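Notes for the one structure printed next.
Numbering (my numbering), first residue to last: 2 to 40.
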């Protein structure tokens, strides 16, 4: 069996990626609003 550390690594990576996404979210939502205004 593999040590649980290997199971935690992808989880930790996804949490880190999720944190980056949340940081970028305000800019993404602003861009979506400006696209709707342009249309």
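For every residue, glycine included, the Cβ atom is placed at its ideal position computed from N, Cα and C. All values reported here derive from a predicted model rather than from experimental measurement.
Here the alpha carbon of residue 35 sits roughly 19 angstroms from the alpha carbon of residue 22. Rounded to the nearest whole angstrom, the CA to CA distance from residue 30 to residue 16 is 21 angstroms.
Rounded to the nearest angstrom, the gap between the Cα atoms of residue 32 and residue 24 is 14 angstroms.
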